[in-house]
Structures are given as C-alpha cells and as structure tokens.
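Visitor: Quick note on the working numbering: the sequence shown kicks off at 60 and runs consecutively.
The C-beta atom is built at its ideal place from N, Cα and C for all residues, glycine as well.
Before I ask anything, here is the structure I am working with.
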Amino acid sequence: MSGAIDYQKVMSEIVFVNLPGPEEPTAGMSGGELMHGFLADLYRAGPEVRSYVDQLCLKWNIHYRQNK
Numbered sequence: 060m061s062g063a064i065d066y067q068k069v070m071s072e073i074v075f076v077n078l079p080g081p082e083e084p085t086a087g088m089s090g091g092e093l094m095h096g097f098l099a100d101l102y103r104a105g106p107e108v109r110s111y112v113d114q115l116c117l118k119w120n121i122h123y124r125q126n127k
C-alpha cells in the first residue's frame, strides 16, 4: 500500500547575477555571458518590467548582487 504523502524534491540553489553585466553582446561570447547580459538588462528595465522580474526572481531564487 502506498503512503498518503508524495515526496517531491525542491530545489534550494541560489543563483546570483552580478551587476553590472555586459551592455551589448559581442562576437565570441559564451552562453553564460549572453545570459548574464540578458538578465542584467532586465534589471535595468523600467519600473513595471522590474516589478515583474523581481516577482519571477523570488519564485526561482535568483538574486541580483551589486559589485562594489
């Protein structure tokens, strides 16, 4: 007889996006560099887009980190 509770593993990794990111894609960029630039560009978007991105980041455990 199976149990009453199904176990599901939940991801607990945290992803940090370091700012500032690349402003424009260049020839020879790796996939990671392109993604970094894309995510950094979303961070620089207007307040409406930024609010939506912040909601998605909370859901997916992604944090923007300012380099000092």
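1) Using only the alpha-carbon positions, how far apart do N120 and V76 sit?
2) Would you say Y123 and L93 are within 7 Å of each other, going by their C-beta atoms?
3) Using only the alpha-carbon positions, how far apart do S110 and T85 sit?
4) Alpha helix (DSSP H) containing R109: first to last residue?
5) Who are the near neighbours of S71 in its chain, counting only those whose CB is closer than 8 Å to its CB and skipping five residues on each side?
6) Less than 7 Å between the C-beta atoms of H96 and P81, yes or no?
7) The alpha helix (DSSP H) with M88 in it runs from where to where?
Guide: Let me lay it out:
1) In the sequence shown, the residue the question calls residue 120 occupies position 61. In the sequence shown, the residue the question calls residue 76 occupies position 17. Between N120 and V76, the C-alpha separation is close to 11 Å.
2) Position 64 of the sequence shown holds residue 123. Position 34 of the sequence shown holds residue 93. No, these two residues do not count as a Cβ contact at 7 Å.
3) Numbered from 1 along the sequence shown, position 51 holds the residue referred to as residue 110. Numbered from 1 along the sequence shown, position 26 holds the residue referred to as residue 85. Answer to the nearest angstrom: the Cα atoms are 28 Å apart.
4) By one-based count along the sequence shown, residue 109 stands at place 50. Start and end: 106 to 119.
5) Here residue 71 is taken as the residue at index 12 of the sequence shown, counted from 1. Taken in chain order, the residues that qualify are N120.
6) Start at 1 with the first residue of the sequence shown, and residue 96 comes out as number 37. Start at 1 with the first residue of the sequence shown, and residue 81 comes out as number 22. Per the sequence shown, residue 96 should be read as Gly rather than His. Yes, the Cβ-Cβ distance between G96 and P81 is below 7 Å.
7) Within the sequence shown, the letter at position 29 stands for residue 88. No alpha helix (DSSP H) holds M88; DSSP gives it neither H nor E.
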